[in-house]
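Here is the structure we will look at.
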């Protein structure tokens, strides 16, 4: 069993899946923020492009990494799940705090009172992160026993 | 505004370009018929699919939607999807298997040539393809290509070759001398797709002024084209990433089967033959 690599592969997939969920659910299905915000400055456009391209690479790379660990029979499923939740939570919090609040790239939704959206977004991220930490920690102590 | 919308060129299916495509497909099948060993079918399938995509792009315009979006679809096929499929056909590997020794030596010599190493570096490839795209679409070059036939064909050839170079240098199964490692290739792919998506959004945002110098401007059509460019670029990046990581996955498996002390895979002489045919 390779707990560290399993957690790593899970984390890469988690970050990418959360970024994809953000794009698909909020950009495309709900349309709360958009393909292109008229107010978006060019630096934000560039960083958004890089983030999106990186997300796609992480998704594909993470799955191949996961498949390789599985094929070599060294995958530790619990550590991988822990890593997945850690990655997803970390991305959610990063997006919620750095992208939305510090850099102000875009907001979750326009024309509404933002505070409840921000609170739900970041608390959800925190819960995911915490669940991931607990799961990873338990996976590790189970291995060491 | 689009070339395809002009009545005098609407029926123009470009017989010369189609003949070249037929030659590409025929040449590959001819080489295949001379190969005594078992050539992977998916390579043949990839090459023929690439030729088919080119034929759709260069054939009767009726196959593509009208207006700027159709023009964009044509460019996506020529510059991204057809080259990737052609690269996955591993034509150089096939050539090296069936050609007589003098031809093989010439190809090997070419692969050792320093200028080719510079040209085949992922950074050069990305600069030529994505950088070239910026140059075409953000300057009057695009408008000029609408009225000059030769320039128009030249641009198509550039899209095809630059796209081929990117796919080969990043994810190609053919021998690539001094190909850099995974991180550099991933970085190149990242920059290429980010540059592509930013350009698409930029064109979307400035559809009433970009590309500059058009005789007639259909801003809504241009916005639809930009959106198609954005999502088409995403799909191409996804496919390239699958090709790249898929080759890595296959390489790790063959290395694991040879045992941990076997020489590292992917190095035969000075060629890195990552993701060789026959490896899943």
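Residue numbers (the numbering used here), protein chains in the order written: chain A, -11 to 133; chain B, 6 to 285. Glycine residues also receive a C-beta, built at the ideal position from the N, C-alpha and C atoms.
Three-way DSSP call (helix, strand, coil) for residue i in this model
i: residue 182 of chain B; result: strand
i: residue 71 of chain A; result: helix
i: residue 107 of chain A; result: helix
i: residue 115 of chain A; result: helix
i: residue 6 of chain A; result: helix
i: residue 106 of chain B; result: helix
i: residue 12 of chain B; result: Here the model assigns residue 12 of chain B a pLDDT of 39, short of 50, so the residue's position is not dependable and the matter cannot be decided.
i: residue 11 of chain A; result: helix
i: residue 39 of chain B; result: coil
i: residue 117 of chain B; result: helix
i: residue 101 of chain A; result: coil
i: residue -11 of chain A; result: coil
i: residue 126 of chain B; result: coil
i: residue 112 of chain B; result: helix
i: residue 44 of chain B; result: coil
i: residue 285 of chain B; result: Low confidence applies here, because residue 285 of chain B scores a pLDDT of 37, under 50, leaving its location unreliable; read the following figure in that light. Looking at residue 285 of chain B - three-state DSSP - the assignment turns out to be coil, as it is neither helix nor strand.
i: residue 21 of chain B; result: helix
i: residue 54 of chain B; result: helix
i: residue 65 of chain A; result: helix
i: residue 279 of chain B; result: Low per-residue confidence applies at residue 279 of chain B: pLDDT is 44, beneath 50, and the placement is therefore not dependable enough to give any value.
i: residue 126 of chain A; result: helix
i: residue 69 of chain B; result: coil
i: residue 98 of chain B; result: helix
i: residue 6 of chain B; result: Only weak support exists for where residue 6 of chain B lies, its pLDDT of 40 falling under 50; the value from the coordinates is given anyway. It is coil, neither helix nor strand.
i: residue 145 of chain B; result: coil
i: residue 60 of chain A; result: coil
i: residue 153 of chain B; result: coil
i: residue 37 of chain A; result: helix
i: residue 177 of chain B; result: coil
i: residue 294 of chain B; result: Any property of residue 294 of chain B remains undetermined from this structure, which presents chain B solely from 6 to 285.
Anticipated Cβ contact below 8 Å, residue i with residue j, distance rounded
i: residue 44 of chain A; j: residue 244 of chain B; result: In fact, because the Cβ distance is near 10 Å, the residues do not count as touching under 8 Å.
i: residue 121 of chain A; j: residue 74 of chain A; result: 6 Å
i: residue 224 of chain B; j: residue 213 of chain B; result: 5 Å
i: residue 123 of chain B; j: residue 33 of chain A; result: Contact doesn't hold; Cβ gap of about 31 Å is too wide.
i: residue 248 of chain B; j: residue 89 of chain B; result: 7 Å
i: residue 149 of chain B; j: residue 140 of chain B; result: Their Cβ separation, rounded to whole angstroms, is 12 Å, which puts residue 149 of chain B and residue 140 of chain B out of contact at 8 Å.
i: residue 63 of chain A; j: residue -6 of chain A; result: 5 Å
i: residue 94 of chain B; j: residue 52 of chain B; result: 3 Å
i: residue 8 of chain A; j: residue 47 of chain A; result: 6 Å
i: residue 78 of chain B; j: residue 233 of chain B; result: 6 Å
i: residue 135 of chain B; j: residue 200 of chain B; result: 4 Å
i: residue 174 of chain B; j: residue 120 of chain B; result: The pair is not a contact, with the Cβ atoms about 14 Å apart (cut-off 8 Å).
Contact set for residue i: own chain, Cβ-Cβ below 8 Å, skip 5 residues either direction
i: residue 268 of chain B; result: Because the pLDDT at residue 268 of chain B is just 48, under 50, the model does not fix this residue reliably, and the value given afterwards should be weighed accordingly. Taken in chain order, the list of residues that qualify is empty.
i: residue 61 of chain B; result: 68, 69, 82
i: residue 72 of chain A; result: -2, -1, 1, 2, 5, 120
i: residue 25 of chain B; result: none
i: residue 37 of chain A; result: none
Contacts around residue i, its chain only, beta-carbon distance under 7 Å, and the 5 residues preceding and following it disregarded
i: residue 312 of chain B; result: Chain B is shown from 6 up to 285; residue 312 of chain B falls before or after that span and cannot be answered.
i: residue 113 of chain A; result: 77, 80, 81, 84
i: residue 253 of chain B; result: 187
i: residue 137 of chain B; result: 163, 167
i: residue 235 of chain B; result: 202, 205, 206
i: residue 108 of chain A; result: none
i: residue 133 of chain B; result: 167, 170
i: residue 22 of chain B; result: 63
i: residue 246 of chain B; result: 194
i: residue 127 of chain A; result: -9, 64, 66, 67, 70
i: residue 27 of chain B; result: none
i: residue 110 of chain A; result: 81, 84, 85
i: residue 36 of chain B; result: 99, 100, 103
i: residue 274 of chain B; result: Here the model assigns residue 274 of chain B a pLDDT of 38, short of 50, so the residue's position is not dependable, and the following value carries that caveat. Taken in chain order, the list of residues that qualify is empty.
i: residue 56 of chain B; result: 26, 29, 30
Own chain residues within Cβ distance below 6 Å of residue i, not counting five before or after
i: residue 237 of chain B; result: 81
i: residue 131 of chain A; result: -9
i: residue 172 of chain B; result: 88, 89, 92
i: residue 33 of chain B; result: 52
i: residue 217 of chain B; result: 145
i: residue 197 of chain B; result: 131, 135
Near the ligand ADP: residue i beta-carbon under 7 Å from a heavy atom
i: residue 160 of chain B; result: Among the components of this structure there are no ligands whatsoever, and the ligand ADP is therefore not found.
- Query: Of all the alpha helix (DSSP H) runs that stay within the bounds of the segment 192 to 276 of chain B, which reach a length of 4 or more residues?
  - Reply: 224 to 263
- Item | chain E contacts made by the segment 39 to 54 of chain A, where a contact means CB separation under 7 Å | The structure shown contains no chain E; its protein chains are A and B.
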